[in-house]
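Worksheet for the structure shown next.
Numbering (the numbering used here), first residue to last: 60 to 209.
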């Protein structure tokens with residue numbers, strides 16, 4: 060379980076949970092308290108999957124999924140944890156990255172592309188975004204215009 064202690068209520072909820080733990084249970088529990096960091100933003104995520112991976116995919120022919128897996132192996136650390144007395148390794152997930160670390164991950168990928176495959180991927184501030192037009196079901200339909208009817 061994960062809790063963000065940002066209110067008295069959240070603190071009380073955690074304390075109640077801790078008070079209810081049976082310390083004589085056969086399985087020990089560990090508790091870790093660390094500074095909370097906000098996860099990657101939805102804008103970072105949209106840029107990564109919608110622009111970065113798509114651009115590289117179109118340039119290289121690899122699927123976005125293949126690229127994502129490869130970049131995780133290349134640029135993210137392997138996480139290790141003890142489970143049942145066995146050391147288990149797994150790839151880090153971009154879902155677990157905070158905004159700063161996700162930005163650093165993106166920068167490594169963009170640098171790799173520029174240096175190794177000659178692909179420049181535009182930065183978010185270099186792009187223009189168009190909002191999709193909202194469909195208004197109640198607006199009167201216009202007949203299509205096919206040019207000058209002279």
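Positions of the beta carbon are idealized from the N, C-alpha and C atoms, including for glycine.
Here the structure is a predicted model, which means the values were calculated and not measured.
Between the beta-carbon of residue 112 and that of residue 127 there is about 6 Å, and that keeps the pair under the 8 Å contact cut.
Between the stretch 172 to 179 and the stretch 150 to 164, the count of Cβ pairs shorter than 8 Å is below three; the stretches do not touch. Note on residue 122: under 16 other CB atoms within 10 angstroms of its CB, so exposed under the neighbour-count rule.
One Cα belongs to residue 80, the other to residue 147, and the distance between them is close to 26 Å.
Membership of residue 101 in the alpha helix (DSSP H) is indicated by the continuous run 101 to 106.
One Cα belongs to residue 115, the other to residue 184, and the distance between them is close to 18 Å. As a beta-bridge residue in DSSP terms, residue 145 pairs with 142. If you draw a straight line from the Cα of residue 75 to the Cα of residue 142, it comes to about 26 Å. Residue 153 counts as buried, since at least 16 other C-beta atoms from the protein chains shown sit within 10 angstroms of its C-beta. Residue 102 sits exposed, since fewer than 16 C-beta atoms from the chains shown fall within 10 Å of its C-beta. The beta carbon of residue 138 sits closer than 8 Å to those of 148, 149, 150 and 151, all from its chain and outside the five residues before and after it, given in chain order.
In this structure residue 168 is buried. Its beta-carbon is surrounded by 16 or more other beta-carbon atoms within 10 angstroms. Taking a contact as a CB-CB distance under 8 Å, the pair residue 165 and residue 118 does not count as one, their CB atoms being some 17 Å apart.
In this chain, the alpha helix (DSSP H) harbouring residue 123 covers 123 to 134.
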